[in-house]
Every structure is written in C-alpha cells, then in structure tokens.
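Working notes for the structure below.
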Amino acid sequence: MIDEVRTMPAAVQPQLMRWSVVLPGLAALACALVLPQFANAYVTEVATTALLYIVLCLGLNIVVGYAGLLDLGYAAFFAVGAYTSGILTAEFGFNFWLTIPVAMATACVAGIIIGAPTLRLRSDYLAIVTLGFGEIVRIIARNLDITGGASGLVGIERPEIFGFKLMQVQHFYYAFLVLALLTAFVCLSIERSRMGRAWFYVRYDEDAAAGIGINRVTAKLQAYMMGAVIASVAGCLYAAKMTAISPESFTFNQSLLILLGVVLGGMGRIPGVVLGAILVALLPEVLRGAGTYRPLVTAVALLAIMLFRPNGLWPDKRV
Amino acid sequence: MALLEVRDLRLSFGGLKVLHDISFSVEKGVINSLIGPNGAGKTSLFNCLTGFYKPKGGSIHLGGRPIAGLPPHRITALGLARTFQNIRLFKEMTVLENAMSGQHCRSRHGIVSAILHLPAQRREEEAIRAAGMHWLDFVGIEQHAHRRAGGLSYGDQRRLELARALASAPELILLDEPAAGLNEREKLDLVHLIRRIRDETGITVLLIEHDMGLVMQVSEKIVVFDYGQKIADGPPEIVRADPRVIEAYLGTEE
Chain A
6 MIDEVRTMPA
16 AVQPQLMRWS
26 VVLPGLAALA
36 CALVLPQFAN
46 AYVTEVATTA
56 LLYIVLCLGL
66 NIVVGYAGLL
76 DLGYAAFFAV
86 GAYTSGILTA
96 EFGFNFWLTI
106 PVAMATACVA
116 GIIIGAPTLR
126 LRSDYLAIVT
136 LGFGEIVRII
146 ARNLDITGGA
156 SGLVGIERPE
166 IFGFKLMQVQ
176 HFYYAFLVLA
186 LLTAFVCLSI
196 ERSRMGRAWF
206 YVRYDEDAAA
216 GIGINRVTAK
226 LQAYMMGAVI
236 ASVAGCLYAA
246 KMTAISPESF
256 TFNQSLLILL
266 GVVLGGMGRI
276 PGVVLGAILV
286 ALLPEVLRGA
296 GTYRPLVTAV
306 ALLAIMLFRP
316 NGLWPDKRV
Chain B
765 MALLEVRDLR
775 LSFGGLKVLH
785 DISFSVEKGV
795 INSLIGPNGA
805 GKTSLFNCLT
815 GFYKPKGGSI
825 HLGGRPIAGL
835 PPHRITALGL
845 ARTFQNIRLF
855 KEMTVLENAM
865 SGQHCRSRHG
875 IVSAILHLPA
885 QRREEEAIRA
895 AGMHWLDFVG
905 IEQHAHRRAG
915 GLSYGDQRRL
925 ELARALASAP
935 ELILLDEPAA
945 GLNEREKLDL
955 VHLIRRIRDE
965 TGITVLLIEH
975 DMGLVMQVSE
985 KIVVFDYGQK
995 IADGPPEIVR
1005 ADPRVIEAYL
1015 GTEE
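Each protein sequence line maps, in turn, to chains A and B. So in my numbering, spot 305 of the first sequence is number 310, and the numbers just go up one at a time. So in my numbering, spot 48 of the second sequence is number 812, and the numbers just go up one at a time.
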C-alpha cells in the first residue's frame, strides 16, 4: 500500500508534462498540415527548407545536446546520405526508397570510421577533428568522378510512392513533414530510454558515468551514429527534391548553420531545437530587405540572443 | 575465498611511488575500513580497484576474477561500485534519474527497441524506475525523487550517491569518505545506514574515513596505510593498540 503511494508520482509526472506539450504541439501540427493549401509556392518552399533544418537540427541535437559532443562537421553525414541516394538512383537506376537503408548503413559506417578513433578525445579536440572530417567529405565529393566532381551530380530520379510521383514543392513539403515528425518521435523515444539517459549521464559527468557502469566510448559512438543516420535520411530526401546536388551544399557553413539552430533554440530539448531550426531557415528570408547588411543584422541578432538568452531561446529546464 | 583479494599492488606516477606492494583481502559480509594520514594513498588505491588508475604491478581479484587494468564500467558490471570523495552526481538531472543510472549495467535494451517501443523494453524501463525508487527509499530520500539532484542538501546528496552505487547491484561497495562534511546527527544516520547495507542486502562495505570515532564504531576490520604502504590490518581493538599505527597518527616521542 505504502509502496503504491510512493511510486505514484513517478507514473503521474510524465503524464502532466505531456499535456502541456501535446496541446500546443497539436495546434502547430494542424497549422503545418494545412499550410500548403493557403500559402504560395515561395512560402511553401521556405517552409520545406525549415522542415529540412528541423530534421537536421534534431539529429545533431542527439550528438551535441544529448551526448555533449561538439560536432563541427555534421553536414558530412548529410552529404553521405545525399550522394549515396543520388549516385544509386542516377547512375545505377535504384528505386529511391531502397536507397534510404543503404544510405543509413553508409552513414553508420562513416560514423564508426570517424567516431571510433576520435570519440575518446574531449570536447575541443573532437570539434577540430569533426571539422576536418566535414571538409574531407566535401573535398572527396569534389574530386571523384562518380560524384560528378565540382559541378555535382545531376539527373537524380524523383521518388514514386504507390504510383504517385513526388514532383511539386507541396509534395516534398509533406514528405519532409513526415520525416520531421518521424525524427521527433524517434528522438522523444530515445530521450526517455536507457540509452538516452546514458548520453545525458556522459554529458554531465563522464567519470561518474564510467564509475556507475556506463561504457562512455560506446555511448558516445551510438549517439554519433544515430545523428549520422538521421542526417543521411534527410540527405536522401534532399537529393530527391533538388534532383541535382553539388559539394557546395555541404560546406562548413552548412554544418555551422545546423549547429546554430541547435544552440539558438536551446540544446537538449526538442521544442527548443525545432524553434531554432525554424529561425535558421527563416532568418535569411525575413532579412532579405536588409540587402547587403544581412550578415551584419544576423550577427547582431545572434549576439543579442547569446547575451540575453545564453541557454537558447527555449532552454532545457535541466540546465 | 575472500571477496576482494589484492596482491602486491604497485602504482607510481612517473618516478613517484604511490603504492608499494599492497596486499590485503576483504571477506564477504564484513564492514572494512581503510585509514591513514592524508596522502597515504587511500584514494589512489580506490582508483586502482575501480579501474580509474592502471596499477603498475600486482593483481586484484574480485570473487576470484582478475580485474586489475579493466576499464571502470567493466569493473562496475562485475560487481564493484563506488562513491566519490567529492560528490559526483549528475546535478542537472532528477534524483530518480541519478538513482536509475546504477541500473544501466544491469539492463540491456538499446536504441532500436526504444524506438519500436517493444513491450520488453517498456517492462525493463519500469523495472529500472522501480529499482531506482527502491534504493531512494532505502537511503530515505524517496520524497525528493523528482527534484533536481543539485538542489538537494549536502547530506541528501551523499545519500543519493550511495543509492546510485547500490542500484548497480554490487557485491562490494567502496565509499570514499562518506562522512566528510556531515554533522554529528548525519554521521549517526550514516553508521546506521552502513550497517543496514550489510545486514539487509548482504553487500560488503569498504570505506575510507578520517573520522576515527565512526571508523571504530562501524568497522569489523581495519587496514591502515602510511606513505603508500600497509602498516597494519585487523580488528579495531588490535589496530588501535598497534604501536606503528599510533606512531603514524601521533608521531614518535623523541
């Protein structure tokens, strides 16, 4: 009897927390669902970009926000996904949907190759190594024949689903919406599981985590691979939407923008990261009127946010 | 056979010898203390036992299995848990999440089953949560389960570290100065708690402590260190009368 009373708060708490998140979440989802019906092609295009950044930022959030690993080369995994899918459909005539598992596996292998030797390093060193890795992937893509060199890869097939071909921007908007929802679900599921908690333990105190029985290298490697897999799936869909990709889509700047979304919104927490991703996608559009002053305005806005909201706009309560 | 068997353990940092051929054993079900002046090498020995330092020589056996040189997480999985001299909690996480961390090495479900929400994974999560609550209840801080660990009082943080270590279901638990910073009342509670650990769970205790009153009160066997060497071991009344121990603590009369 006493035991029941004692364990009750544990069961009740997530429920309470859920309602305050679910209602605004559902409202946002409803808006997202009807948006293309009312908006013009330009707005839908920008919204699609925002959804792409939501997926990428949620993926990077696993690495940076959950496991506390500073990754400056995340766009590399985005590139691995895009090129794997692009090459397989354009050069070998693969079905688009079949390229997704191949891209995921490739990203996993890339994640292990770069992660296994480097994840023993602590934050600053890891940042430098991942930055280098990002550049290596881009330069390889520039110099291989199969990737189309500097001019890139063209003629990537549009995906088909049940005989329906994804062509227009609205179609890709919905495809990215599904992917974003799926990614959020995956993040939420892991966040509340044994492995998700292990990442937080490692992030907050690596030595204490090891002392309590957590293999820190495996935990970090899994977070790194999970982030890589999510970026690669986003890459597949991105390649299909653009039908042409070039190494310039996967620069250090791209990695930085994704990281910016994670940090801006408040790393570690899904709603904050989503907000940050939307801002990263919208900011260049909103500031179009500023013309050549755009970088200056962006920089001032970022500095202001970092000064007044150092933990992000919608921070993790834990921090 | 002894639960923990340390033979000729050596540790040095560069030219500095920290531990000289240490040998001692810990019997199952006995409350043991490790004492000695500051800098005698007690915490270094703990760090060797738990895999944070790699010993230069000698052997450590836990339940007959060699553990010297294994990484910390493997040693914890084999049944040796520890607390830290300066409390090392996951301060930003809840008290319950801290206690649940001990169960990590006793559970197995990974990312894929969490994404698929497999029934077995849900059951395991429930079991981890229940174990966390059980150990919070055992140390008496279950009412704070959903608070931030960093917001607990100092004494309760010490208790939580104990609950976290106990949650890893160890055979042997190493406590590094568990009474440091506690008041007299809290020290009494600690003595009571250490006895309950042994009596109710059967977990063997090895503690480092400076408070001689507490050590003499709770220990059944004491190992004394000075300058990286073992100078005595045995029951409290024998150790207390040992001239070398008195010398190490009080100095010799010239």
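C-beta atoms are modelled at their ideal positions from N, C-alpha and C, and glycine is treated no differently.
Contact check between the segment 169-189 of chain A and the segment 834-842 of chain B: fewer than three CB pairs, one atom from each, fall below 8 Å, which does not count as touching.
Excluding sequence positions up to five before and after Q981 (chain B), its CB lies within less than 8 Å of the CB of V955, all in the same chain and listed in chain order. For I283 (chain A), no CB of chain B lies under 8 Å from its own CB, so it is not counted at the interface with that chain. Straight across, the Cα-Cα distance linking R199 (chain A) with A933 (chain B) is about 17 Å. Residue state for P315 (chain A) is assigned as coil, using DSSP reduced to three classes. For the segment 87-115 of chain A, the set of positions with a beta-carbon nearer than 8 Å to some beta-carbon of chain B is empty.
With a beta-carbon spacing of about 7 Å, I117 (chain A) and L226 (chain A) fall inside the 8 Å limit used to define contacts.
For S789 (chain B), the secondary structure class from DSSP, reduced to helix, strand or coil, is strand. Closer than 8 Å at the C-beta level to chain A, one finds these residues of the segment 902-924 of chain B: E906, A909, H910 and R912. Only those residues of the segment 203-229 of chain A whose C-beta falls short of 8 Å from the nearest C-beta of chain B are listed: A203, F205, Y206, Y209, D210, D212, A213, A214, A215, G216, I217, G218, I219, N220, R221 and Q227.
In the DSSP assignment, the residues bridged to E769 (chain B) are B:S789 and B:H825. Excluding the 5 residues flanking it on each side, Y1013 (chain B) has same chain C-beta neighbours closer than 8 Å at P801, in chain order.
For chain A, the residues of the segment 851-865 of chain B that bring a beta carbon within less than 8 Å of one of its beta carbons are R852, L853, F854, K855, E856, M857, L860, E861, M864 and S865, in chain order.
Interface residue (Cβ-Cβ distance to chain A less than 8 Å): C812 (chain B) is not classified as such. Here the segment 167-185 of chain A makes no contact with the segment 822-833 of chain B; the two share fewer than three CB pairs at distances below 8 Å. Distance from the CA atom of T89 (chain A) to the CA atom of G843 (chain B), rounded to whole angstroms, is 45 Å. By DSSP's assignment, V969 (chain B) forms a beta bridge with B:I795 and B:I937.
Going by C-alpha positions, D963 (chain B) is about 47 Å away from G271 (chain A).
In terms of Cα proximity to G966 (chain B), the closest of B:S789, B:H974, B:L957 and B:I972 is B:L957. Neighbourhood of I235 (chain A) in chain B, by CB distance below 9 Å: empty, with the nearest CB roughly 11 Å away. Cβ-Cβ distances below 6 Å link R208 (chain A) to A72 and G73 in the same chain, with the five nearest sequence neighbours on each side left out; the list follows chain order. Look at S251 (chain A): its C-beta is not under 8 Å from any C-beta on chain B. Around the beta carbon of C113 (chain A), 16 or more other beta carbons sit within 10 angstroms, so the residue counts as buried. Annotation: K855 (chain B) is outside any alpha helix (DSSP H) and is labelled neither H nor E by DSSP.
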